[in-house]
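Okay, structure first, notes after.
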């Protein structure tokens, strides 16, 4: 006699079996912060499994990945694991996780860092520093780009909509990061010119947007059957006398452009209207209950409620001295030997626009003198994919 079919559950995915210890973790869950959740994961495999079942939503406000520590002896070999400090600004706590030394950070998304090897063999590494999971992706360029390149990860690696895209002069390359290394496809972006401080790359879903120093735009849907690059001339005139920095930010499905002077005292906010070929100027109120976090390869918009008392319209910009094509000596504090502590981010307020100076505060992190170099800092959203926790 044939057995009756099991009732349809609405999903073909089998439910995981529960272990005796799961109810303990479930009882503790309401009292655990995300950082506690991370600490409990390293107890044992069973605890990691239980943590995966109950889940723990990642914080809405990212951690700040600080520059590598100052070398007290010979430089570490390329690829050697080096502990990097991640600073939780609202919580005032620091965490340390290993990251390959001598690798250059280029992007982050959903708990993953994208790093570029600075020495042969050239390659990209997609790394979750919390779980130590990593994927090695082949180098997308035959030769190193003359000026450099931007990079963006469109989603977490567990998401089917995840693409890794890189952009340099007149060129966009993209792949799906996989254990096999990914196969790169190429799109042409005629007219695009890379600039370290004045061009940028952002994604909205699988659509990537690329902007150069003239504020002209290129975009392509990487998930289309045959991706094609579209171009819009959205250039507009800015006040003279400054070399303005540009940051692209995704917010609620919209592409925002933030323009700032190098000291982050004069800041303007614009929203893209692709069909009208316009950057529409936005007042501070247009951001709603939002705080902007800016940095090359790591910009984001977060709710003010997650920003430890910061008001809507606050703008935090990470310090990235090695991502500027020009040097402003007044901003380069080294913190070596009794001088000022190196600062890692500034805080400004959206105001009347580029003609209005805003209050700027340089923020430091408690440390010993000389502990950090003057390298770049980056925003990092800590997260754990379910697949990271077997």
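Residue numbers (the UniProt record's numbering): 1 to 390. Built from N, CA and C at the ideal position, the CB exists for glycine as well.
In whole angstroms, what separates the C-alpha of residue 121 from that of residue 74?
-> Numbered from 1 along the chain shown, position 121 holds the residue referred to as residue 121. Numbered from 1 along the chain shown, position 74 holds the residue referred to as residue 74. In a straight line, the C-alpha of residue 121 is about 21 Å away from that of residue 74.
Drop a sphere of 10 angstroms on the beta-carbon of residue 392, count the other beta-carbons inside from all chains shown, and report buried for 16 or more, exposed for fewer.
-> Because the chain is modelled from 1 through 390, residue 392 falls outside the range shown and cannot be assessed.
Have a look at residue 395 and residue 204 and give me their C-alpha separation to the nearest angstrom.
-> The requested residue 395 is not part of the displayed model; the chain covers only 1 to 390.
CA-to-CA distance, residue 259 to residue 239, given in whole angstroms = Taking the first residue of the chain shown as position 1, residue 239 is located at position 239. Taking the first residue of the chain shown as position 1, residue 259 is located at position 259. When rounded, the distance between both Cα atoms is 11 Å.
Inspect the CB distances between the segment 185-194 and the segment 212-229 and report whether three or more fall short of 8 Å.
-> yes
So, are the CB atoms of residue 287 and residue 313 less than 8 Å apart?
-> As a working note, residue 287 is residue 287 in the chain shown. As a working note, residue 313 is residue 313 in the chain shown. Yes, the Cβ-Cβ distance between residue 287 and residue 313 is below 8 Å.
Between the CA atoms of residue 83 and residue 62 - distance to the nearest angstrom | On the chain shown, position 62 is the one that residue 62 refers to. On the chain shown, position 83 is the one that residue 83 refers to. Roughly 18 Å between the two C-alpha positions.
Pick from 172, 321, 317, 351 that is closest to residue 345, judged by C-alpha positions | Residue mapping note: residue 345 aligns to position 345 of the chain shown, counting from 1. Ranking 172, 321, 317, 351 by Cα distance to residue 345 puts 317 first.
Put residue 205 into one of helix, strand or coil per three-state DSSP.
-> Here residue 205 corresponds to residue number 205 of the chain shown, with the count starting at 1. Reduced to three states, the DSSP call for residue 205 is coil.
Check whether the Cβ atoms of residue 193 and residue 233 lie closer than 8 Å to each other.
-> Here the question's residue 193 lines up with position 193 in the chain shown. Here the question's residue 233 lines up with position 233 in the chain shown. Against a cut-off of 8 Å, the Cβ pair of residue 233 and residue 193 comes out as no contact.
In whole angstroms, what is the alpha-carbon distance linking residue 91 and residue 319?
-> What you label residue 91 is simply residue 91 of the chain shown in a count that begins at 1. What you label residue 319 is simply residue 319 of the chain shown in a count that begins at 1. Their Cα atoms are separated by approximately 20 Å.
Hey, how far is the Cα of residue 85 from the Cα of residue 139?
-> Reading the chain shown from its first residue, position 85 is the one you call residue 85. Reading the chain shown from its first residue, position 139 is the one you call residue 139. Approximately 27 Å between the Cα atoms of the pair.
Run of the beta strand (DSSP E) containing residue 306, from where it starts to where it stops = Counted from its first residue, the chain shown places residue 306 at position 306. Element bounds for residue 306: n/a, residue is neither H nor E.
Taking only runs of the beta strand (DSSP E) that begin and end inside the segment 136-221, which ones reach a length of at least 3 residues, in chain order?
-> 150-153, 164-168, 171-175, 185-188, 200-204, 207-211, 217-221
Among residues of its own chain, excluding the 5 on either side of residue 94, which ones have a beta-carbon nearer than 6 Å to its beta-carbon?
-> Here residue 94 refers to the residue found at position 94 of the chain shown. These residues qualify, in order along the chain: 85, 87.
Please name the residue in 200, 118, 265, 321 whose C-alpha comes closest to that of residue 77.
-> Here the question's residue 77 lines up with position 77 in the chain shown. Cα-wise, what sits closest to residue 77 is 118.
Rounded C-alpha distance that separates residue 214 from residue 354 = Start at 1 with the first residue of the chain shown, and residue 214 comes out as number 214. Start at 1 with the first residue of the chain shown, and residue 354 comes out as number 354. Taking the straight line joining both Cα atoms gives about 17 Å.
Applying the criterion that 16 or more other CB atoms from any shown protein chain within 10 Å of the CB defines a buried residue, is residue 130 buried or exposed?
-> Start at 1 with the first residue of the chain shown, and residue 130 comes out as number 130. Residue 130 is buried by the Cβ-count criterion.
Report the partner residues of residue 363 according to the DSSP bridge assignment.
-> Within the chain shown, the letter at position 363 stands for residue 363. Answer by DSSP bridge pairing, in chain order: 345.
Quickly, what does DSSP pair residue 378 with across the bridge? List them, please.
-> Here residue 378 is taken as the residue at index 378 of the chain shown, counted from 1. Residue 378 pairs with 65.
Quick one: what's residue 133 bridged to in DSSP?
-> Position 133 of the chain shown holds residue 133. Answer by DSSP bridge pairing, in chain order: 128.
Should residue 150 be flagged as near chain B, meaning a C-beta pair shorter than 8 Å?
-> Here there is only one protein chain, and chain B is not present.
For residue 88, which beta-bridge partners are listed by DSSP?
-> As a position in the chain shown, residue 88 is number 88, starting the count at 1. DSSP output for residue 88 lists 93 as bridge partner(s).
Could you pull out every residue in the same chain whose Cβ sits closer than 8 Å to the Cβ of residue 137, ignoring the five residues on either side in sequence?
-> Here residue 137 refers to the residue found at position 137 of the chain shown. Counting only Cβ-Cβ distances below 8 Å, and skipping sequence neighbours, we find 123, 124, 125, 126, 164, 175, 177, 181, 182.
Pick from 247, 67, 255 that is closest to residue 261, judged by C-alpha positions | In the chain shown, residue 261 corresponds to position 261, counting from 1. Residue 247 is the option with its Cα nearest to residue 261.
How big is the Cα-Cα spacing for residue 132 and residue 217?
-> Residue mapping note: residue 132 aligns to position 132 of the chain shown, counting from 1. Residue mapping note: residue 217 aligns to position 217 of the chain shown, counting from 1. Going by the C-alpha atoms only, they are around 36 Å apart.
Exposed or buried, residue 275, counting other C-beta atoms within 10 Å across all chains shown (16 or more means buried)?
-> To locate residue 275, count along the chain shown from 1; it is residue 275. Exposed, since its Cβ has fewer than 16 Cβ neighbours within 10 Å.
In the structure shown, what three-state DSSP assignment does residue 236 receive?
-> Residue 236 sits at position 236 when you count from the first residue of the chain shown. In the structure shown, residue 236 sits in coil (DSSP, three-state: anything other than H, G, I, E or B).
Rounded to a whole number of angstroms, what is the C-alpha to C-alpha distance between residue 315 and residue 249?
-> Within the chain shown, residue 315 is the residue found at index 315, counting from 1. Within the chain shown, residue 249 is the residue found at index 249, counting from 1. Between residue 315 and residue 249, the C-alpha separation is close to 12 Å.
Residue 154 versus 114, 27, 191, 169, residue with shortest Cα-Cα distance = Position 154 of the chain shown, counted from the first residue, corresponds to residue 154. Residue 114 is the option with its Cα nearest to residue 154.
Test item: CB-CB of residue 161 and residue 201 under 8 Å = Translated into positions along the chain shown, residue 161 becomes position 161. Translated into positions along the chain shown, residue 201 becomes position 201. Against a cut-off of 8 Å, the Cβ pair of residue 201 and residue 161 comes out as no contact.
For residue 27, does the three-state DSSP call read helix, strand or coil?
-> Residue mapping note: residue 27 aligns to position 27 of the chain shown, counting from 1. DSSP places residue 27 in helix when its eight states are reduced to three.
So residue 269 and residue 350 are in contact, right, with Cβ under 8 Å, and what is the actual spacing, rounded?
-> Locating residue 269 in the chain shown gives position 269, where the first residue counts as 1. Locating residue 350 in the chain shown gives position 350, where the first residue counts as 1. That pair is a contact at about 6 Å.
Assumed close pair residue 65, residue 299 - CB separation to whole angstroms, cut-off 8 Å | As a working note, residue 65 is residue 65 in the chain shown. As a working note, residue 299 is residue 299 in the chain shown. Not a contact, Cβ separation roughly 14 Å.
Range of the contiguous beta strand (DSSP E) that encloses residue 250 | Taking the chain shown and counting its residues from 1, the one referred to as residue 250 is at position 250. First-last of the beta strand (DSSP E) with residue 250: 245-251.
Report, in whole angstroms, the separation of the C-beta atoms of residue 170 and residue 189, which I expect to be a contact under 8 Å.
-> Working through the chain shown from its first residue, we reach residue 170 at position 170. Working through the chain shown from its first residue, we reach residue 189 at position 189. That belief holds up - the Cβ atoms of residue 170 and residue 189 are roughly 6 Å apart, short of 8 Å.
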